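For the sequence shown, numbering that gives the first Met the number 0 assigns the number 0 to the initial residue and increments by one for each residue that follows. C-beta atoms are modelled at their ideal positions from N, C-alpha and C, and glycine is treated no differently. Small disclaimer: the values here were computed from a predicted structure and weren't measured.
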Amino acid sequence: MSSGSQPSASGAAIPDEVYGDSIFDHGRDTEVSRLSALTEELDPVTWQCLQAVGVAAHWHCLELGAGTGTVSERLARVCHQGSVLATDLDLTYLPPPDDTNLTVRRHDVTAEDLPTESFDLIHARYLLCHLRERNQVLRKVVSWLKPGGWLLLEEPAQFPITSSPHSAYHTVSMGIFSVLAERIGTDCHWARHLPQSMAAAGLTEIGVHVTSSLVGGDRPMSRFWRLTLEQLAPHIVDGGHATAAQVREVATQLADAGFHDLGMATVSVWGRKEEMP
Ligand SMILES: C[S@@+](CC[C@H](N)C(=O)[O-])C[C@H]1O[C@@H](n2cnc3c(N)ncnc32)[C@H](O)[C@@H]1O
């Protein structure tokens, strides 16, 4: 566990906090609801993308940062002649070990390795944006794919919020992005570069699906963003990114079924490691 900042050689502060140290700690009362809202919004999208890739029953799959494990559990049912390894820094919300083809393992993707050329499919959603080492991690993950194997990465992108016509929603949401960038190094612009980054990492047959989500009322992306705001509100106000009144206004808007705006986009990109000649 780490927190706070260290001075760099230039004297600038380098944050040493990572996802889960304090922000998005799985021990928080509302964290499972926040991640479940994400699952409700995005699992259908993930399955649409996996159908485009064409998952086969004999595949050996890896899910990184598996969260609540819903994608891994379904993958394990589909790949009933193969296997699924679900990994995360924190296993609190993942199913306990059993004798099925689903294995759950604590694994820090920034620090630990896995055997090269072992998986037919690797999936990660809303993970690499939060890792400062995201470009190295991408290259490492590609090395774990078998020749012919597929990588599906799904990451949030802030561009629909950057152009929001609602002033308070825009200001407060930009505050969320700033706090996440300052505290844990999150980059919600990175997804915009993913097709090129995955091609540069050596993948071919690149495909993409971009999802827009509505916020306002009880919609899942609205719940996800409201619970994210609830956690980050003190940092947003203390950091001068928005006023307490703006934060209250946006919390009310996000709970209001009559409020309509776009939440973050989700950029899903898949690509294939070339077969041996
Ligand atoms: C925003 S959640 C997304 C969960 C899930 N992928 C989903 O989309 O529903 C990010 C997940 O990545 C995990 N995580 C964060 N840093 C990690 C790391 N360095 N290695 C492995 N998992 C990590 C977190 O514990 C959390 O479960």
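For residue j and residue i, the rounded distance between their alpha carbons
i, j, result
"residue 76", "residue 242", "48 angstroms"
"residue 34", "residue 271", "28 angstroms"
"residue 180", "residue 49", "30 angstroms"
"residue 116", "residue 60", "12 angstroms"
"residue 202", "residue 127", "17 angstroms"
"residue 170", "residue 261", "14 angstroms"
"residue 273", "residue 20", "38 angstroms"
"residue 155", "residue 30", "18 angstroms"
"residue 72", "residue 25", "19 angstroms"
"residue 219", "residue 175", "18 angstroms"
"residue 58", "residue 120", "7 angstroms"
"residue 259", "residue 244", "20 angstroms"
"residue 91", "residue 199", "35 angstroms"
DSSP three-state assignment for residue i, whether helix, strand or coil
i, result
"residue 102", "strand"
"residue 87", "strand"
"residue 164", "coil"
"residue 69", "helix"
"residue 82", "strand"
"residue 270", "strand"
"residue 149", "strand"
"residue 132", "coil"
"residue 124", "strand"
"residue 118", "strand"
"residue 155", "strand"
"residue 203", "strand"
"residue 45", "helix"
"residue 54", "coil"
"residue 213", "strand"
"residue 256", "coil"
"residue 93", "coil"
Identity of the residue in the options nearest residue i by Cα
i, options, result
"residue 222", "26, 22, 36 and 30", "36"
"residue 131", "257, 255, 256 and 15", "15"
"residue 47", "247, 83, 209 and 257", "209"
"residue 123", "140, 113, 114 and 111", "140"
"residue 167", "78, 70, 236 and 249", "249"
Exposure label - residue i; buried when at least 16 CB within 10 Å
i, result
"residue 107", "exposed"
"residue 264", "buried"
"residue 3", "Any reading at residue 3 must be qualified, since the residue scores a pLDDT of 44, below 50, and its modelled position is unreliable; the value itself is stated next. The residue in question, residue 3, is exposed, as its Cβ has fewer than 16 Cβ neighbours within 10 Å."
"residue 247", "exposed"
Heavy atom of ligand 3 within 7 angstroms of residue i beta-carbon
i, result
"residue 89", "In terms of ligand content, the structure shown lacks ligand 3 and carries ligand 1 instead."
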